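Asker: One structure follows; several queries about it will come next.
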Amino acid sequence: MPSNGYHDKIRKILAMLEGAKTEGEAKAANLALQRLLAKSNLTAEQVGALGSEDPSASIEEEPVYIGSNDVFWKRMLASAIAENLRCRVMLTAFPDKPRAKIIVFVGHAEDAAVASECYRLTLKVAQRCFKLYSKLCRDSGCPIDVTVTAVRNAYYIGFAEGLYDAYSQQVAENSELAICLQVPSDVQAFFEAKHLNSIPKRRITVSDEQTRDNGRIDGYSYGTCRTFD
């Protein structure tokens, strides 16, 4: 079981993500979560326990309400986070409100709780980055119409792709992370046994590739490659 020190580090990183004053701090916190979760599993590997599940580790479903608008990019963002924080993820809805969508993270109790909270906070960071990007466009004399759904979606789809690339680069730089961040076999079995529907991956076509590319830059760097007044 993780130590109290591990739990304290998780809480501190989530607090750093929530209170980040710059997008660079938010990115650092997000990647730190990935490293810390992998490190906790690496400890198990070092004592020969990797692949044998902890019978005391319960599997939980952590829901996050995401509303009914701009749903697809929120699904993409959830997939990027779940895949890199040892969880599976699905999309569902309130039985009596089919347009009210819910993202559900499925994993060992602490993994699912961390992933869902990371997702909530990263949604806020993505929206803040979009506001800063739209301000930069406006100040440079090339404003974008932030009221157009296609424009917003193009940016946020790019942001989700950029975040996934940032996670992937960190994994590529440390081969142990790839093993330690795999979804535990008991979580995968739980997901399949309950016939839960995962969020499918596919290439998304957008009408504004330039905005998507700028979103991808910000998702990868959390805005640190830009200068804002």
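The working numbering numbers the first residue of the sequence shown as 2 and each following residue consecutively.
Every residue, glycine too, gets a C-beta built ideally from N, C-alpha and C.
Source: prediction; values computed, not measured.
#1: Note down, one range per segment and in chain order, each beta strand (DSSP E) of at least 3 residues found wholly within the segment 122-190.
#2: If you count every other CB in all the chains shown that lies within 10 Å of the CB of GLY159, and 16 or more means buried, which is it?
#3: If we count the other Cβ atoms within 10 Å of its Cβ and call it buried at 16 or more, is ASN31 buried or exposed?
#4: Is LYS40 helix, strand or coil when you go by DSSP?
#5: Please state whether DSSP places GLY68 in a helix, a strand or coil.
#6: Helix, strand or coil for GLU19, going by three-state DSSP, please let me know.
#7: Would THR123 pass as a contact of ILE82 if the rule is Cβ separation under 8 Å?
#8: Quick check on this structure: which residue in ALA94, LEU38, ARG121, VAL152 has the alpha carbon closest to the alpha carbon of ALA179?
#9: Between the segment 164-171 and the segment 18-27, are three or more C-beta pairs nearer than 8 Å?
#10: Which partner residues does GLY108 have in the DSSP bridge list?
#11: For GLU118 and THR212, what's the separation of their Cα atoms in angstroms?
#12: For TYR7, which residues from the same chain have a beta carbon less than 8 Å from its beta carbon, with the 5 sequence-adjacent residues on both sides left out?
#13: With H, G and I counted as helix, E and B as strand and the rest as coil, what does DSSP make of LYS102?
#14: Under a three-way DSSP split, which group does LEU92 fall into?
#15: Could you check the C-alpha separation between ASP146 and ARG129 for me, to the nearest Å?
#16: Between which two residues does the alpha helix (DSSP H) containing TYR221 stretch?
#17: Can you tell which of ARG87, PRO99, GLN35, TYR134 has the C-alpha that lies nearest to the C-alpha of PHE106?
#18: If you draw a straight line from the C-alpha of GLY52 to the C-alpha of ALA194, how long is it?
#19: If we ignore side chains and look at the alpha-carbon of each, how far apart do ILE218 and ASN70 end up?
#20: Would ASP209 and VAL152 be called neighbours here (beta carbons separated by less than 8 Å)?
#21: So which of ASP9, MET91, LYS75, ARG12 has the shortest CA-CA distance to GLN189?
#22: Would you call the CB atoms of ILE104 and TYR120 closer than 8 Å?
Answerer: In short, the structure shows the following:
#1: none
#2: buried
#3: So ASN31 counts as buried.
#4: helix
#5: strand
#6: helix
#7: yes
#8: Looking at the Cα atoms, LEU38 is the closest of the given residues.
#9: Contact between the segment 164-171 and the segment 18-27 is absent, because fewer than three Cβ pairs lie under 8 Å.
#10: GLU61
#11: So the alpha carbons of these two residues sit roughly 27 Å apart.
#12: LEU37, SER41
#13: strand
#14: strand
#15: 16 Å
#16: 210-222
#17: ARG87
#18: Residue placement at GLY52 is flagged as unreliable, the pLDDT there being 42, under the threshold of 50; the coordinate-derived value follows with that caveat. Pairing GLY52 with ALA194, the inter-Cα distance amounts to about 19 Å.
#19: Looking at the two C-alpha atoms, the distance is approximately 23 Å.
#20: yes
#21: Closest option to GLN189, Cα to Cα, is MET91.
#22: yes
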